[in-house]
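In terms of this note's numbering, the sequence shown opens at residue 6 and continues consecutively.
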Amino acid sequence: MARKLLVLGEIREGVLRNVSFEAIAAAKQIADGGEVVGLLLGGRIKELAYTMIHHGTDRVVVVENSNLQDYTPEAYSQAIMQVIDAEKPDGFILGHTAIGKDISPRIASKIKSGLISDTVKVDIIGDEVIFTRPIYSGKAFEKRAIQEGIIFATIRPNNILPLEKDVSRSGEISSIDVQIKDLRTIVKEVVKKASGGIDLSEAKVIVAGGRGVKSKDGFKPLEELAKVLGGAVGASRGACDAEFCDYSLQIGQTGKVVTPDLYIACGISGAIQHIAGMSNSKVIVAINKDPEANIFSIADYGIVGDLFEVVPLLIEEFKSVAV
Ligand code: FAD
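Printed below as a string of structure tokens:
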């Protein structure tokens with residue numbers, strides 16, 4: 006059953022986030038031979054429309070407005086609602102990012118549709134679109150379908166394979182003028198806390214440190230290992246509470262939920278609240294000097310040892326493999 010899907014392209018520091026390409030791939034599957042329309046919101050963003058087309062959208066709608074330069078839920082929801090009214094899609098897909106999590110319930114209430122959030126898989130069974138999403142902090146999965154209204158879902162980063170980029174693809178790029186009014190909030194300045202690097206929620210490799218890292222300096226070997234592996238550094242709340250690192254690195258129930266290909270937990274005990282944020286990682290390696298540590302119960306590979314001895318050995322080994 007061919008459908009028309011709208012996909013939000015999320016822009017961060019002037020580039021499209023990888024999860025937007027994963028959302029396009031999901032939309033393509035749901036469209037079932039129908040049309041996939043990209044949506045870009047911001048200021049001077051037209052050139053990014055080609056990137057969306059190269060990753061699989063059939064055409065792109067660009068909304069350029071000074072009120073959309075920085076994300077605010079009010080301005081974004083007004084713009085998205087006007088595009089939905091104009092395009093009348095059968096479905097709307099976006100990333101399960103900070104912006105996706107914030108804006109999607111607002112849009113769902115306005116369009117009076119259900120929302121399936123944090124989906125990790127899409128299946129088409131007959132005429133139905135079935136979404137799989139983790140529940141109970143990743144201990145189980147449920148399958149859901151939208152019965153009425155727009156098929157509306159957010160996609161968890163790192164779970165759906167994006168389509169191969171094809172620069173020979175072409176498609177129409179059109180602009181829509183939107184009216185944005187009565188804003189109660191405006192962004193005056195964006196102050197960055199975390200220092201650049203790979204975004205934790207999209208990282209393929211994460212080296213995470215816990216209280217066992219013992220100090221700010223103790224994170225240095227983890228940073229080096231992450232660098233050698235082309236990954237990002239994360240942390241347990243124990244490490245954040247001890248002020249070894251910034252809370253922006255916290256993974257878990259009250260931190261970020263991550264699904265990398267490889268998660269290396271160093272000096273992390275494996276509390277349920279930490280596991281809630283990383284248990285769906287594809288391969289988990291735990292380094293802990295306590296053989297009874299709970300993290301070993303979910304690890305694919307466990308190393309019982311002192312992380313300050315093990316991590317330098319891993320760095321050396323991976324460096325020699327890379328050469
Ligand atoms: P610890 O439990 O102290 O573990 C440190 C580990 O390091 C130990 O297993 C020890 O054997 C090992 N170790 C020590 N030295 C070495 C060494 N040299 N080499 C190797 N191993 C070593 N936690 C989160 O992580 N994320 C969350 O989002 C989160 N949310 C929470 C929400 C609520 C409501 C509550 C109540 C708690 C939450 N917590 C969260 C906290 C959680 O319960 C744990 O306290 C926390 O995860 C423990 O962090 P840790 O494993 O780093 O520290």
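The C-beta atom is built at its ideal place from N, Cα and C for all residues, glycine as well.
- Between the alpha carbons of Ile269 and Asp305 lies a distance of about 10 Å.
- Asp266 and Val288 do touch by the CB rule: their CB atoms are close to 7 Å apart, below 8 Å.
- Here the alpha carbon of Val65 sits roughly 23 Å from the alpha carbon of Leu120.
- Of the residues assessed, Gln184 falls on the exposed side of the cut-off, its CB having fewer than 16 other CB atoms within 10 angstroms.
- Secondary structure of Glu314 (DSSP, three-state): helix.
- For the 8 Å CB-CB criterion, Ile155 and Asp95 form a contact.
- Between Ile98 and Lys294, the alpha-carbon positions lie close to 44 Å from each other.
- Proximity of the beta carbon of Thr77 to the ligand FAD is not indicated: no heavy atom of the ligand is located closer than 7 Å.
- Note on the region 137-205: whole beta strand (DSSP E) runs with a minimum of 3 residues are 145-149, 156-160 and 177-180, in chain order.
- Secondary structure remark: continuous beta strand (DSSP E) runs of at least 3 residues inside the region 198-262, in chain order: 210-214 and 237-240.
- When distances are taken from the beta-carbon of Phe249 to the heavy atoms of the ligand FAD, even the shortest one reaches 7 Å or more.
- Annotation for Lys225 indicates a beta carbon at 7 Å or more from all heavy atoms of the ligand FAD.
- Taking a cut-off of 8 Å for Cβ pairs, the region 127-145 and the region 277-288 touch, as three or more such pairs fall below it.
- Around Gly38, the same chain offers Ala7 as residues with beta carbons nearer than 7 Å, after the five sequence neighbours per side are excluded.
- Contact between Ala208 and Ala240 is ruled out by a C-beta separation of about 13 Å, above the 8 Å threshold.
- Judged by DSSP in its simplified three-state form, Gly105 adopts helix.
- Contact between the region 39-54 and the region 122-132 is absent: fewer than three C-beta pairs spanning the two stretches fall below 8 Å.
- Between His59 and Arg174, the gap from beta carbon to beta carbon is short of 8 Å.
- Counted as a single uninterrupted DSSP element, the alpha helix (DSSP H) harbouring Thr56 occupies residues Lys51 to His59.
- Along the region 266-315, the beta strand (DSSP E) occurs as fully enclosed runs of 3 or more residues at 267-271, 288-293 and 306-309, listed in sequence order.
- When secondary structure is reduced to three states using DSSP, Lys117 falls in the coil class, being assigned neither helix nor strand.
- Relative to Lys51, the option among Ile178, Val210, Asn299 and Ser118 whose CA is nearest is Ile178.
- The ligand FAD has no heavy atom closer than 7 Å to the beta-carbon of Asn23.
- As the crow flies, the alpha-carbon of Leu44 is around 17 Å from that of Ala113.
- Distance between Glu321 and Ala247, taken at the CA atoms: about 29 Å.
- Secondary structure note for Val41: its beta strand (DSSP E) is the uninterrupted segment Glu40 to Gly47.
- In this structure, DSSP gives Arg8 a state outside helix and strand, which the three-state scheme calls coil.
- In this model, Gln74 and Ile181 are separated by some 15 Å (Cα to Cα).
- Excluding its 5 nearest sequence neighbours in each direction, Tyr76 has C-beta neighbours in its own chain below 7 Å: Ile104, listed in chain order.
- Under the DSSP assignment, Glu27 falls in the alpha helix (DSSP H) whose first and last residues are Asn23 to Ala36.
- The three-state reading of DSSP puts Val125 in coil, since its state is none of H, G, I, E or B.
- About 5 Å separates the CB atoms of Leu227 and Gly214; that is less than 8 Å, so the two are in contact.
- Boundaries for Glu79: no beta strand (DSSP E) harbours it, while the alpha helix (DSSP H) harbouring it runs Pro78 to Glu92, taken from the DSSP string.
- When the Cα atoms are used, Gln278 and Val172 turn out to be separated by approximately 43 Å.
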